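Protein chains in written order, with the working numbering: chain W, 1392 to 1790; chain D, 1392 to 1790.
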């Protein structure tokens, strides 16, 4: 088997943790597997480097930021190889430039586009564990790039795809994907497997076990992902195109407080109204999670959008500054909202799921402010204080 | 002018110091010069990385040690470019692999053998300051190497040689090379210039302003070195093939306590005696500073060697374990000795220098245990407690 194992910053946060991860890698290696390890920077390291950078320059040039941040993963992989050597496991660290792992040239947000496999193959053939720096790439100018949020997960999937690995194990601080957050729903159960699309829907609504970008890449190249706990040997959850049809309609309930509802009041009920709002926001790099508008009864409509909490103040200011351009009367902001979603491949073919969800919320006396759906997801917007009750009620009714 | 400026770890030890160095670089840049900067790792960084490495493996594999240590200089150069950017000075950081700066493949002690100049030239033509990582190289396998002690000085000289720089400024915590250690001789004066050979002799006897390896390289390629203070704008000392004959016979007095005298008693006064001792020590990587033997009067001689303090216990044990092989009776160790030397290009042609030196020591009631010379140096071995008096007496008599 060729296994790619990715460990995040908390899993390699100090010497002791690195040694523990090394023992885990050793087990797979001793069983005769080829093992590629992708690592993030040690916990804290990236923050320390960022603050050092800001001490010398409040707006550091992105090229140098990338050169600086890349030292974090370089440190992790070198230390991991030393820890493996201490266990008599031959290992070799590779930076992005040594693979090389080619990326686009947009610093801080580069995208990987080609991973050369020759050196990796050569090292595996020599029966070495290959430890690769996550999060970084090399652009065509020979400059170091970083690939932005969720970077190391994405690196792991990209390496697994390029090498046709049997599985890509992503180690986190939970032992798998659950039907709901166990802190909210004590009897939530761990899923044995889940499809890429379900995982994407769950991730986009706050169950941040895996970064969406890595799941999208895994889906594109058919890489089997496994979400596992770095502190236990529990089986974990497989993310793949599930072949058997599970008996459940719904895979999980997810909740997300990181959202703000902004309502733009009284824009003309005419062609172009939504376009003007969307254009304004996207040209200012504000991502909108959902757009809804009510039905018109007086030639005017209200448009509601959901944006993340960190974008909300900027979005609000921007809309207020452009009331004339978007032909709106005013802007209303509701910060105390939460999204609760049910996700499952069977939802599309079973209208009963939506009914049961609304019934559960009704029985719990929870008011729905907004509803929107995808093929495998139903999301309701509710008051923030109702969130946990809503998750419990929906989980009890449907899972 | 094309100027190479090298700053050591203490000069870039924190954000404030990095900003100060950046201002210094800015001045040269604004005057229209092409500026290449070579940096060491920030003070403490290397020690921190070493201790982290030893936490996971007491004998870390050298290849991974190099990969780990190289992050130190990568951090320095990225931060320096950010600090320069804050001053609106365009700058670009280059790691060894980006230059590339090719080296041999022996990890921890690699030697630079080829520096590609294309990328550096391109960046300078675009009027950017180029900040290059000191201390590291890239071997033919694409692996990161480090070049051992005095590394960043050597990198700076190698870059200056490859780029045919006008000067190579080495910034340290002293403002030049003095005729003696100012802490010992208050009226020691700063030399305006000194030859490569004189500098080499001074360095080898403890005036560690520049590492010998970098001076040798500068001599080989005719690179003009300037030793300057990173905290002041004082002129510094030029190290080059001096064309004008200075009026002085002697350039400086240097002293060194880091030495132990080991005497091997009663070996046969026959061909091969010295060879056997030297062979034993060098095959165990013990560097010997000087070998002397007394005249025979009974068919036996005593051989005395000087070794550095850290090598001494190993050398002593080794000699004692091999008394039979080296045909010696016993080994005597004297740890409380010091070397005091006078260095100057004019010494060879002026026998008067030696006379004055011995006279000064005699007048100060200092016993000479041993004397040895090179073309431009006279060294005496004396008791450690006499060292400072000896330096003062010789300095007063000759400089």
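Glycine included, C-beta positions come from ideal geometry on N, C-alpha and C. These numbers were taken from a predicted model, which means no experiment stands behind them.
Beta-carbon proximity list for residue i, same chain, < 6 Å, skipping 5 on both sides
i                       : result
residue 1399 of chain D : 1431
residue 1777 of chain D : 1757
residue 1548 of chain D : 1559, 1605, 1608, 1609 and 1614
residue 1654 of chain W : 1693, 1695 and 1723
residue 1676 of chain D : none
residue 1451 of chain W : 1444
residue 1779 of chain W : 1575
Where residue i falls, given that 16 or more other Cβ within 10 Å makes a residue buried
i                       : result
residue 1592 of chain D : buried
residue 1673 of chain W : exposed
residue 1534 of chain D : buried
residue 1663 of chain W : exposed
residue 1686 of chain W : exposed
residue 1513 of chain D : exposed
residue 1710 of chain W : buried
residue 1425 of chain W : buried
residue 1414 of chain W : exposed
residue 1542 of chain D : buried
residue 1449 of chain D : exposed
residue 1668 of chain D : buried
residue 1423 of chain W : exposed
residue 1786 of chain W : buried
residue 1418 of chain D : exposed
residue 1420 of chain W : buried
residue 1554 of chain D : buried
residue 1746 of chain W : exposed
residue 1466 of chain W : buried
residue 1690 of chain D : exposed
residue 1678 of chain W : exposed
residue 1680 of chain D : buried
residue 1566 of chain W : buried
residue 1397 of chain W : buried
residue 1623 of chain W : exposed
residue 1517 of chain D : exposed
residue 1750 of chain W : exposed
residue 1455 of chain W : buried
Proximity test, Cβ basis, 7 Å: residue i and chain C
i                       : result
residue 1465 of chain W : In the displayed structure, chain C is absent; the protein chains listed are W and D.
Beta bridge counterpart(s) of residue i as assigned by DSSP
i                       : result
residue 1398 of chain D : D/1430 and D/1562
residue 1698 of chain D : D/1651
residue 1493 of chain D : D/1505 and D/1529
residue 1676 of chain W : DSSP lists no partner for residue 1676 of chain W.
residue 1485 of chain W : W/1523
residue 1584 of chain W : W/1629
residue 1761 of chain D : D/1772
residue 1731 of chain D : D/1646 and D/1771
residue 1616 of chain W : W/1559 and W/1630
residue 1656 of chain D : D/1721
residue 1569 of chain D : D/1581
residue 1786 of chain W : Beta-bridge pairing links residue 1786 of chain W to no other residue.
residue 1838 of chain D : In this structure chain D extends from 1392 to 1790, so residue 1838 of chain D is not present and cannot be described.
residue 1535 of chain W : W/1529
residue 1792 of chain W : Because chain W spans 1392 through 1790 in this model, residue 1792 of chain W falls outside it and cannot be assessed.
Under 8 Å by beta carbon: chain W residues contacting residue i
i                       : result
residue 1398 of chain D : Those do not exist, as residue 1398 of chain D stays about 14 Å from chain W at its closest Cβ, beyond 8 Å.
residue 1473 of chain D : 1444, 1447, 1448, 1451, 1452, 1455, 1456 and 1459
Residues that residue i contacts on chain W, provided the C-beta gap is smaller than 9 Å
i                       : result
residue 1772 of chain D : Correct list: empty, because the minimum Cβ distance to chain W is about 42 Å.
Sequence-distant residues of the same chain with beta carbon closer than 8 Å to residue i, five excluded per side
i                       : result
residue 1594 of chain W : 1600, 1601, 1602, 1603 and 1606
residue 1630 of chain W : 1568, 1584, 1585, 1586, 1587, 1590, 1601, 1606, 1609, 1615, 1616, 1617 and 1618
Listed by chain order, chain D residues near residue i by CB distance under 7 Å
i                       : result
residue 1542 of chain W : None at all; the shortest Cβ gap to chain D is about 18 Å.
Closer than 7 Å at the beta carbon, the chain W residues around residue i
i                       : result
residue 1533 of chain D : 1489
residue 1469 of chain D : 1455, 1458 and 1459
residue 1462 of chain D : 1462, 1465 and 1466
Chain-order list of residues whose beta-carbon lies under 7 Å from that of residue i (same chain, five-residue window excluded)
i                       : result
residue 1539 of chain D : 1499 and 1500
residue 1490 of chain W : 1506, 1507, 1510, 1511 and 1523
residue 1504 of chain W : 1493, 1494 and 1495
Given a limit of 9 Å on CB to CB distance, which residues of the region 1739–1755 of chain W reach chain D?
none
Under 7 Å (Cβ pairs) to chain D, residues found in the region 1475–1490 of chain W
1476, 1477, 1484, 1488 and 1489
Give the residues from the region 1402–1426 of chain W that approach chain D closer than 9 Å (Cβ to any Cβ), ordered along the chain.
1405, 1406, 1407, 1409, 1410 and 1413
Residues of the region 1707–1729 of chain D whose Cβ lies closer than 9 Å to any Cβ of chain W, in chain order
none
Interface positions of the region 1656–1672 of chain W facing chain D (Cβ-Cβ less than 7 Å), listed along the chain
none
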